[in-house]
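First up is the structure itself, then whatever we jot down about it.
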Amino acid sequence: MSTIPDDLSYTKEHEWVAGLEDGRTVTVGITAYAAEQLGDVVYVEVHSEVGATVAAGDAVGEVESTKSVSDIFAPVGGEVVEINTAVVDNPSLVNSDPYGEGWLFRVRVEEEPDDLLSAAEYTALTSGES
Amino acid sequence: MSRSTPLRGVHESLGATLTDFAGWQMPLRYGSESAEHNAVRTAAGLFDLSHMGEIFVVGAQAGEALDHALVGHLSVLAPGRARYTMIVNETGGILDDLIVYRLDEDQYMVVANASNYALVARELADRARGYDARVTDRSDEYALVAVQGPRGAAILAALTDADLDDLKYYAIVPGVVAGTPALIARTGYTGEDGFELFVLNEHAVPLWNALAEAGGDAGLVPAGLSARDTLRLEAGMPLYGNELSAAITPFDAGLGRVVRFDKPGDFVGKAALERAAENGTKRRLVGLVARGRRVPRHGYSVTREGAVVGEVTSGAPSQSLGRPIAMAYVDEAALEKGGLAVDIRGSQEPVDVVDLPFYRRSK
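Chains as they are written, first to last, in my numbering: chain A, 1 to 130; chain B, 131 to 493.
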């Protein structure tokens, strides 16, 4: 059973968003559930550059595992302010620490969609899928 | 309705991620598939392959019946030896790739892929008509457990009286493993030394547990289909449904050597295969190594200067090479010119053509 921290927001695409309630910049990653489904992550790319403006729902990168490849979406709209180069260099961080060192990028929020999920809602979503 | 092997409970208790494969619930991985892959390369891995089919062909003319039914020359196979071969249709298209074991003078075991063994059993029964040979599909009775990797022989030797030193690559001997009667074959699909143990279903769990216990200290780990796929890909071994299909002849796949035109008599597909051998092929199965880190995958196009010149059949990140690898059918003309790429979701990623296999174990 994968962990789903209470204090994060989530998307249906199995990403987490941290820091929404604190202010203007959020951190984004993929959930432990998604990392387990993917298997060993071997490649992470965020192709939107720092300074670029993205809209919520835009495909901004991809995560590859042994078996599959998945798009990374921007869960919120705004300016990309930081990309985690450590995870690009060492993609296995997504598996070993998905909510910590395995974070993917940070966005200065300009647009917050109303369909982000709470931890309880995300738990319900993943228990329905597994 | 998905089928389960006798080892499903064991896989679940080990926390395996199960996946549907050819209608079977099979372990995809137990933990990290990369760790499982590396364990097989450096120590040993334990595989459940009970979804494979075991078809017995028995009778005074069993060898002749197989000579007629398959592309290989099985009647000259020595008892106790095995051969990689194929069954094709009348137009030379591959229906399955097989390992045929000659168990004794008048008894053969044909091991077929999970997705194909029902068809193979029907075809063999059809093609054996008129020969003194009886075809029996015993896939439902047999489990198959494989121990693969450089430490496999030592682990297995501790559990059996069979003389493994005498058991050559592509040989088979009946024996007892951990109190269980087994057919012990020195075959595999990983590019490593290893063994495949055919046992009746009721013996699968005790055999698995005995091997897991005996091998734990040596680094043996359970390994799933994900590791099996990357291991066989590195070893340049084709997978039915990816590299092989009914639309492809053994010559297309670069495996024309398995077709034995020199054997006596006719065999199913012979005329078509003679034409295929004579005409040559426009496309060839090659190995590709990506220069970047994005992975070419099954179905992606191989391109040259923007034009499609081939198709990827299998691709994965390679643990042993540290780069993505793939097998692909590519037009001969494009291979001569070079400068190939794979279209990875719209971007042309450069690849280099290499000889297969990607990985060869040191002896």
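Glycine is no exception: its CB is placed at the ideal position from the N, C-alpha and C atoms.
Legend entry - Own chain, CB closer than 7 Å to A/T123, minus 5 neighbours either side, in chain order: Indexing the first sequence from 1 puts residue 123 of chain A at position 123. I4, listed in sequence order.
Inset, instruction - Establish whether the CB of A/K67 and some CB of chain B are separated by less than 7 Å. - result: As a working mapping, residue 67 of chain A is identified with position 67 in the first sequence. True, the Cβ-Cβ gap to chain B drops below 7 Å.
Legend entry - Cutoff 7 Å: B/R138 Cβ touching any chain A Cβ: Translated into positions along the second sequence, residue 138 of chain B becomes position 8. Taking Cβ atoms only, chain A never reaches closer than 7 Å to B/R138, which makes this a no.
Legend entry - Nearest neighbour of B/T147, chosen from A/E49, A/G39, A/Y43 [CA to CA]: In the second sequence, counting from the first residue as 1, residue 147 of chain B sits at position 17. Of the listed residues, the one whose Cα sits closest to B/T147 is A/G39.
Inset, instruction - Ignoring anything shorter than 3 residues or poking outside the segment 135-164 of chain B, list the beta strand (DSSP E) runs there in chain order. - result: 147-151, 154-159
Inset, instruction - Please state whether DSSP places B/D473 in a helix, a strand or coil. - result: Sequence index remark: in the second sequence, residue 473 of chain B carries index 343 (1-based). In this structure, B/D473 counts as strand in the three-state DSSP scheme.
Legend entry - Closest residue to B/L144 among B/S132, B/A173, B/F177, B/H167 (Cα-Cα distance): Looking up residue 144 of chain B in the second sequence gives position 14. B/L144 has its Cα closest to that of B/F177, out of B/S132, B/A173, B/F177, B/H167.
Legend entry - Spatial distance of B/G183 from B/D267 (CA atoms): Within the second sequence, the letter at position 53 stands for residue 183 of chain B. Within the second sequence, the letter at position 137 stands for residue 267 of chain B. Distance between the alpha carbons of B/G183 and B/D267 is about 8 Å.
Inset, instruction - Report yes or no: is there a C-beta of chain A within less than 7 Å of the C-beta of B/A456? - result: By one-based count along the second sequence, residue 456 of chain B stands at place 326. Taking Cβ atoms only, chain A never reaches closer than 7 Å to B/A456, which makes this a no.
Inset, instruction - Could you give the DSSP three-state label for B/A242: helix, strand or coil? - result: As a working note, residue 242 of chain B is residue 112 in the second sequence. Correct three-state label for B/A242: strand.
Legend entry - Residue-level contact to chain A via CB, B/R423, 7 Å cutoff: As a working mapping, residue 423 of chain B is identified with position 293 in the second sequence. Yes - at least one Cβ of chain A is within 7 Å of the one on B/R423.
Inset, instruction - State whether the segment 93-101 of chain A contacts the segment 48-55 of chain A, with contact taken as three or more CB pairs (one from each stretch) at a distance under 8 Å. - result: no
Legend entry - Proximity of B/A292 and B/G279 at Cβ, strictly below 7 Å: The residue labelled residue 292 of chain B in the question sits at position 162 within the second sequence. The residue labelled residue 279 of chain B in the question sits at position 149 within the second sequence. No. Outside cutoff.
Inset, instruction - Tell me whether B/G321 is buried or exposed, calling it buried when 16 or more other Cβ atoms sit within 10 Å of its Cβ. - result: Sequence index remark: in the second sequence, residue 321 of chain B carries index 191 (1-based). That one is buried.
Inset, instruction - Measure the CB-CB distance between B/D262 and B/N246 and report whether it falls below 7 Å. - result: Walking along the second sequence from the start, residue 262 of chain B turns up at place 132. Walking along the second sequence from the start, residue 246 of chain B turns up at place 116. In this structure, B/N246 does not lie closer than 7 Å to B/D262 by Cβ.
Inset, instruction - Say whether chain A places a C-beta atom closer than 7 Å to the C-beta of B/P447. - result: Here residue 447 of chain B refers to the residue found at position 317 of the second sequence. Closer than 7 Å to some Cβ of chain A, the Cβ of B/P447 qualifies, so yes.
Legend entry - Outcome for A/H47 when other beta-carbon atoms lying within 10 angstroms are tallied against a minimum of 16: For the purposes of this step, residue 47 of chain A is taken as residue 47 along the first sequence, with counting starting at 1. Under this definition A/H47 is an exposed residue.
Inset, instruction - Report the rounded CA-to-CA distance for B/Y231 versus B/A365, giving the unit in angstroms. - result: For the purposes of this step, residue 231 of chain B is taken as the residue at position 101 of the second sequence. For the purposes of this step, residue 365 of chain B is taken as the residue at position 235 of the second sequence. Straight-line Cα distance between these residues: approximately 22 Å.
Inset, instruction - Alpha carbon to alpha carbon, how far is B/A357 from A/E79? Give it in angstroms, no decimals. - result: Here residue 79 of chain A refers to the residue found at position 79 of the first sequence. Here residue 357 of chain B refers to the residue found at position 227 of the second sequence. Using only the alpha carbons, I get a separation of about 40 Å.
Inset, instruction - List the endpoints of the continuous beta strand (DSSP E) containing A/T25. - result: As a position in the first sequence, residue 25 of chain A is number 25, starting the count at 1. Where A/T25 is concerned, the enclosing beta strand (DSSP E) stretches over 25-30.
Inset, instruction - Compute the Euclidean distance between the alpha carbons of B/I302 and B/L254, then round it to the nearest angstrom. - result: Mapped onto the second sequence, residue 302 of chain B falls at position 172. Mapped onto the second sequence, residue 254 of chain B falls at position 124. Spanning the two alpha carbons is a distance of roughly 22 Å.
Inset, instruction - Identify every residue that forms a DSSP beta bridge with B/P352. - result: Counting from 1 along the second sequence, the entry for residue 352 of chain B is found at position 222. Partner(s): B/L176.
Legend entry - Beta carbon proximity, B/S477 to chain A, threshold 7 Å: As a first step, residue 477 of chain B is located in the second sequence; it is residue number 347 there, counting from the start. Chain A contact via Cβ: absent.
Legend entry - Proximity to B/S450 [Cα-Cα], best of B/S164, B/S375, B/P157: For this step, residue 450 of chain B is matched to residue 320 along the second sequence. The residue with the shortest Cα to Cα distance from B/S450 is B/S164.
Legend entry - Under 7 Å between C-beta atoms of B/V432 and A/E64: Position 302 of the second sequence, counted from the start, is the residue given in the question as residue 432 of chain B. Position 64 of the first sequence, counted from the start, is the residue given in the question as residue 64 of chain A. Result no, Cβ atoms of B/V432 and A/E64 do not sit closer than 7 Å.
Inset, instruction - Could you tell me the boundaries of the beta strand (DSSP E) in which A/R108 lies? - result: In the first sequence, counting from the first residue as 1, residue 108 of chain A sits at position 108. Residues 105-111.
Inset, instruction - Just mark B/S492 as buried or exposed, buried being the case when its beta carbon has 16 or more other beta carbons within 10 Å. - result: Counting from one through the second sequence, the residue named residue 492 of chain B turns up at place 362. Exposed, by the Cβ-count rule.
Inset, instruction - Output the distance between the C-alpha atoms of B/L137 and B/Q155, rounded to the nearest integer angstrom. - result: For the purposes of this step, residue 137 of chain B is identified with residue 7 of the second sequence, where counting begins at 1. For the purposes of this step, residue 155 of chain B is identified with residue 25 of the second sequence, where counting begins at 1. Cα to Cα, the separation comes out at about 10 Å.
Legend entry - B/Y430 to B/A287 span [Cα, whole Å]: To locate residue 430 of chain B, count along the second sequence from 1; it is residue 300. To locate residue 287 of chain B, count along the second sequence from 1; it is residue 157. The alpha-carbon atoms of B/Y430 and B/A287 are separated by roughly 44 Å.
Legend entry - B/D295 to A/E49 span [Cα, whole Å]: Counting from 1 along the second sequence, the entry for residue 295 of chain B is found at position 165. Counting from 1 along the first sequence, the entry for residue 49 of chain A is found at position 49. About 59 Å.
Inset, instruction - Given a cut-off of 7 Å, decide if A/R24 and A/R106 are closer than it, judged by their beta-carbon atoms. - result: Position 106 of the first sequence holds residue 106 of chain A. Position 24 of the first sequence holds residue 24 of chain A. Taking 7 Å as the Cβ cut-off, A/R106 and A/R24 do not qualify as a contacting pair.
Inset, instruction - Determine the chain B residues that contact A/D40 at a beta-carbon separation under 7 Å, and present them in chain order. - result: Residue numbering aside, residue 40 of chain A sits at position 40 when the first sequence is read from its first letter. Ordered by position in chain B, the residues that pass the 7 Å Cβ test against A/D40 are S162, E163, S164.
Inset, instruction - State yes or no: is the beta carbon of B/S143 nearer than 7 Å to at least one beta carbon in chain A? - result: Against the second sequence, residue 143 of chain B aligns to sequence position 13. With 7 Å as the cut-off, B/S143 does not count as an interface residue toward chain A.
Inset, instruction - Report the option in B/P311, B/A334, B/G386 whose CA atom is closest to the CA atom of B/T215. - result: For the purposes of this step, residue 215 of chain B is identified with residue 85 of the second sequence, where counting begins at 1. Closest by alpha carbon: B/G386.
Legend entry - Segment limits, beta strand (DSSP E) that includes B/V277: Along the second sequence, read from residue 1 onward, the residue named residue 277 of chain B stands at position 147. Where B/V277 is concerned, the enclosing beta strand (DSSP E) stretches over 272-278.
Inset, instruction - Select from B/V187, B/D197, B/R159, B/L179 the residue whose C-alpha is nearest the C-alpha of B/N243. - result: Taking the second sequence and counting its residues from 1, the one referred to as residue 243 of chain B is at position 113. Checking every option, the nearest Cα to that of B/N243 belongs to B/L179.
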